[in-house]
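>
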Amino acid sequence: MRIGIIVAMEKELRQLRGLMDELNIERHGKKDFIRGRIAGSEVVLVQSGIGKVNAAIGAVELINNYAPELIMSTGVAGGASTDLNPMDVVVGTRYMYHDVYCGNEVSYGQFVGMPPHFDAPKEIVGKALALRCKEKIVAGEIVSGDWFVDTKEKMAEILEKCPKAVAVDMESASIAHTCYVYRVPFVSFRIISDVPLKDTNASQYYDFWDKIAEGSFEVTRMFIEECGV
Numbered sequence: 010m011r012i013g014i015i016v017a018m019e020k021e022l023r024q025l026r027g028l029m030d031e032l033n034i035e036r037h038g039k040k041d042f043i044r045g046r047i048a049g050s051e052v053v054l055v056q057s058g059i060g061k062v063n064a065a066i067g068a069v070e071l072i073n074n075y076a077p078e079l080i081m082s083t084g085v086a087g088g089a090s091t092d093l094n095p096m097d098v099v100v101g102t103r104y105m106y107h108d109v110y111c112g113n114e115v116s117y118g119q120f121v122g123m124p125p126h127f128d129a130p131k132e133i134v135g136k137a138l139a140l141r142c143k144e145k146i147v148a149g150e151i152v153s154g155d156w157f158v159d160t161k162e163k164m165a166e167i168l169e170k171c172p173k174a175v176a177v178d179m180e181s182a183s184i185a186h187t188c189y190v191y192r193v194p195f196v197s198f199r200i201i202s203d204v205p206l207k208d209t210n211a212s213q214y215y216d217f218w219d220k221i222a223e224g225s226f227e228v229t230r231m232f233i234e235e236c237g238v
């Protein structure tokens, strides 16, 4: 199985690239695509940039140039539940926008003509939940928007509109939206870097990258190995 992997940030790219063998960098348009293998699975890795538009562009270019059989968004996310802690993992069962409103004729977070949310394949989610690893892995709704959530107040505001959210990021819903249009299976597998409802001034987020990020993506390697089977 050829797996396309999208990350938003350079520091996420470095972590994933460190897991790869047989690297080959190819340039398409304005992006570098890193081809190689992770745990024996053929992968193509791209850094999209932060936010919904960048993520969607990265997904389209990945699909058009490499025709992946599965696209995975990975990297970090904020925990929306106080039951989570940094280093826990969330695999998305469904994805929606927390910053979209198109009127009362459709659901909050829904674009007219699109479903209210985008679902991950159940068998892929099941593989994540079956991993034998030290990290806590939970499945649930991931919501996305163009907002770095660094306060309790903003997270509470999002949860008022999206009460089922387990994690918040800035890319997953837009990649899921793109994959829905192009009919490519999609899953988001996110390491929790911070829990805004239990944090102040995003200190957990910065501590994650300063102190514990190194090696934290090993669980992602395990998941990729299972997806490629």
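If you number the sequence shown the way our numbering does, the last residue is 238 and the count never jumps.
The beta-carbon is built from N, C-alpha and C at its ideal position, and this holds for glycine as well.
Just so it is clear, the structure is predicted and the values come from calculations on it, not from any experiment.
(1) Quick one: give me the first and last residue of the alpha helix (DSSP H) that R192 is part of.
(2) Report, in whole angstroms, the separation of the C-beta atoms of I151 and Y104, which I expect to be a contact under 8 Å.
(3) Three or more C-beta pairs under 8 Å: does that hold for the region 206-224 against the region 176-193?
(4) With DSSP run on the structure shown, which of helix, strand or coil describes I184?
(5) Nearest CA to the CA of M179: which residue from M10, R11, I15?
(6) Between the Cα of I47 and the Cα atoms of R230, C236, S202, which residue gives the shortest distance?
(7) Compare the C-alpha of A182 against each of M10, R11, I80 and name the closest.
(8) If you measure between the beta carbons of V85 and I200, is that distance less than 7 Å?
(9) Do the CB positions of G154 and H186 come within less than 7 Å of each other?
(10) Figure out for me which residue from S202, A129, G13 has the closest Cα to the Cα of Y75.
(11) Hey, quick one: how far does the alpha helix (DSSP H) through T229 stretch, first residue to last?
(12) For E150, list the residues DSSP reports as bridge partners.
(13) Who pairs with R46 in a beta bridge, going by DSSP?
According to the structure data:
(1) Within the sequence shown, the letter at position 183 stands for residue 192. Neither: R192 is in no alpha helix (DSSP H) and is coded neither H nor E.
(2) The residue labelled residue 151 in the question sits at position 142 within the sequence shown. The residue labelled residue 104 in the question sits at position 95 within the sequence shown. So it is a contact: roughly 5 Å between Cβ atoms.
(3) In short, these stretches do not touch, since the Cβ pair count stays below three.
(4) As a first step, residue 184 is located in the sequence shown; it is residue number 175 there, counting from the start. Note: I184 maps to helix in three-state DSSP.
(5) Here residue 179 refers to the residue found at position 170 when the sequence shown is read from its first residue. Checked all of M10, R11, I15; the closest Cα to M179 is I15.
(6) Residue mapping note: residue 47 aligns to position 38 of the sequence shown, counting from 1. Here the closest residue by C-alpha is R230.
(7) Residue numbering aside, residue 182 sits at position 173 when the sequence shown is read from its first letter. Nearest C-alpha to A182: I80.
(8) If you number the sequence shown from 1, residue 85 lands on position 76. If you number the sequence shown from 1, residue 200 lands on position 191. Yes; because the gap between Cβ atoms is below 7 Å, this pair is in contact.
(9) Walking along the sequence shown from the start, residue 154 turns up at place 145. Walking along the sequence shown from the start, residue 186 turns up at place 177. No, the Cβ-Cβ distance between G154 and H186 is not below 7 Å.
(10) Residue 75 sits at position 66 when you count from the first residue of the sequence shown. Closest in alpha carbon position to Y75, among S202, A129, G13, is G13.
(11) Walking along the sequence shown from the start, residue 229 turns up at place 220. Counting along the chain, the unbroken alpha helix (DSSP H) around T229 starts and ends at 227-236.
(12) Residue 150 sits at position 141 when you count from the first residue of the sequence shown. Beta-bridge pairing links E150 to R103, A174.
(13) Along the sequence shown, one-based indexing puts residue 46 at 37. For R46, which the question treats as bridged, DSSP gives the partners D30, E51.
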